[in-house]
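Quick note: the sequence shown uses our numbering, first residue 1271, plus one each step.
Where is the CB? At the ideal position from N, CA and C, for every residue including glycine.
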Amino acid sequence: MFKSVKLVAVLLAATMFFGTAVAGEKYKMAYIARAQGDSFAAWLANAIKEEVEKNYPDMEVTVFDGQSNNETIGSHMENAVVNKFDAILLQPFDTEANRYPLLQAVEAGLVGACVNVQIDDPRLGNVDANPYDQAAVNARAAIDQIPQNANVVVLLGPAGNPHALGRREAWEDIFFKNRPDVTIVGEQIANWNKDEAMRYMEDWIQASGGKIDAIIAMNDNMCAGALEAAKDAKLGKLFAYGVDGTAEACLLIKDGDMTSTSLQSAYDLAEASVKLVHDMLKGGEAKVIMIDCPLITKDNVDQYIEMHQRAGAL
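Next comes the structure, spelled out in structure tokens:
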């Protein structure tokens, strides 16, 4: 009798340690966003919260703001372990800096997964889109759109970020190598941030005497910031490219201020990543899941505006 009771106690402790919810309780998932001040990150966080609330009655999610700071992100993961969460779903900011604390959480018994940017490890689930392809659809269109001998500015994501690097590589391979007439008059890391992009654009406008023909941004948030600076300086029409398909970008395309973006659907990322985490909590294996990245232009933007309206984002 004593041995049976002891065995049940050990099994119960092990079950709780490895993240399986006790009957009547909910799985606790910590979602750590890279920065809630980033429009795409905020869209994704909201989509993940809604996905859990609508479709997973046996789960609850708490959203944490990483504030574009690796120490803050690491602290959130440590706290998730201490507070006995069952899973961490992370939107990485810096993959190398975020890797160790996430794997430490996995070693402590939590399920670990990444969304929007991958951390390569067989113990982690990943849901992402191909960053090279996201930029490539814009770059191919820009070859024939941007005028001869144009001056362009380039806004980059965080140093070392796979999406920032992959998107810039696509622009180099597809556009810049085929358009040697184009001059880059400014290129800076703006960390996906609208305000940083706006400040860089103000400086470039002053330095170039307003002679800028196009904005090539690695995400919509930075593109929108640069467009605000261009509007304030009364530069007139520019070609402008981004990635994400945010509600703001869709409206800018509709109004003729932005040329194109590629969709990185936060709804698709949320649906796939929450399901992956839920499956892993139930004993499923870690997987890599990729979503599509269609080009959004003035010709098809209405359908994406409707998508945002249905989701309550507009």
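Is it the case that the Cβ atoms of residue i and residue j are separated by a distance below 9 Å?
{"i": "D1527", "j": "L1505", "result": "no"}
{"i": "D1483", "j": "A1440", "result": "no"}
{"i": "L1565", "j": "T1531", "result": "yes"}
{"i": "A1350", "j": "I1358", "result": "yes"}
{"i": "F1509", "j": "A1420", "result": "yes"}
{"i": "N1400", "j": "V1513", "result": "no"}
{"i": "I1559", "j": "L1551", "result": "no"}
{"i": "M1488", "j": "L1426", "result": "yes"}
{"i": "T1529", "j": "A1434", "result": "no"}
{"i": "V1397", "j": "A1536", "result": "no"}
{"i": "M1299", "j": "E1330", "result": "yes"}
Which residue comes first and which comes last in the beta strand (DSSP E) that contains residue i?
{"i": "C1384", "result": "1381-1385"}
{"i": "F1334", "result": "1329-1335"}
{"i": "I1485", "result": "1484-1487"}
{"i": "L1497", "result": "It is not in any beta strand (DSSP E) - L1497 instead sits in the alpha helix (DSSP H) that spans 1490-1502."}
Note down, in chain order, each residue of its chain lying with its Cβ closer than 7 Å to the Cβ of residue i, except the 5 sequence neighbours on either side.
{"i": "P1371", "result": "G1344, M1347, E1348"}
{"i": "M1468", "result": "G1495, A1496, E1498, A1499"}
{"i": "G1336", "result": "I1302, A1303, R1304, A1305, T1342, I1343, H1346, F1363"}
{"i": "Q1590", "result": "With the chain covering only 1271 through 1584, there is no way to say anything about residue 1590."}
{"i": "V1381", "result": "G1289, D1356, A1357, V1547, M1550, L1551"}
{"i": "A1315", "result": "Y1301, A1303, Q1306, V1333"}
{"i": "A1311", "result": "A1303, R1304, A1305, Q1361"}
Would you mind sorting residue i into buried or exposed? The rule is 16 or more other CB atoms within 10 Å of its CB.
{"i": "K1324", "result": "exposed"}
{"i": "T1453", "result": "exposed"}
{"i": "K1464", "result": "buried"}
{"i": "N1386", "result": "buried"}
{"i": "R1580", "result": "exposed"}
{"i": "I1444", "result": "buried"}
{"i": "D1473", "result": "exposed"}
{"i": "E1442", "result": "exposed"}
{"i": "V1352", "result": "exposed"}
{"i": "E1377", "result": "exposed"}
{"i": "A1569", "result": "A small correction: the amino acid at residue 1569 is Asp; Ala does not occupy that position in the sequence shown. Exposed, by the Cβ-count rule."}
Under the three-state reduction of DSSP, which class applies to residue i: helix, strand or coil?
{"i": "L1565", "result": "strand"}
{"i": "Q1573", "result": "helix"}
{"i": "G1395", "result": "strand"}
{"i": "K1298", "result": "strand"}
{"i": "A1542", "result": "helix"}
{"i": "L1533", "result": "strand"}
{"i": "M1528", "result": "coil"}
{"i": "N1340", "result": "helix"}
{"i": "I1413", "result": "helix"}
Can you tell me where the alpha helix (DSSP H) holding residue i begins and where it ends?
{"i": "T1453", "result": "Not the alpha helix (DSSP H): T1453 falls in the beta strand (DSSP E), residues 1453-1459."}
{"i": "I1235", "result": "Residue coverage of the chain in this structure runs from 1271 to 1584, which leaves residue 1235 outside it and unanswerable."}
{"i": "N1353", "result": "Looking at the DSSP string, N1353 is not in any alpha helix (DSSP H), and its letter there is neither H nor E."}
{"i": "L1373", "result": "1365-1377"}
So, at 8 Å on beta carbons, what are the nonlocal neighbours of residue i in its own chain, with the 5 sequence-adjacent residues on each side left out?
{"i": "K1267", "result": "Outside the displayed span of the chain (1271 to 1584) sits residue 1267, for which this structure offers no information."}
{"i": "L1521", "result": "I1575, L1584"}
{"i": "G1480", "result": "A1503, L1505"}
State yes or no: is the C-beta of residue i nearer than 8 Å to some heavy atom of the ligand HEM?
{"i": "W1313", "result": "Only the bare structure without any ligand can be found here, which leaves the ligand HEM out of the picture."}
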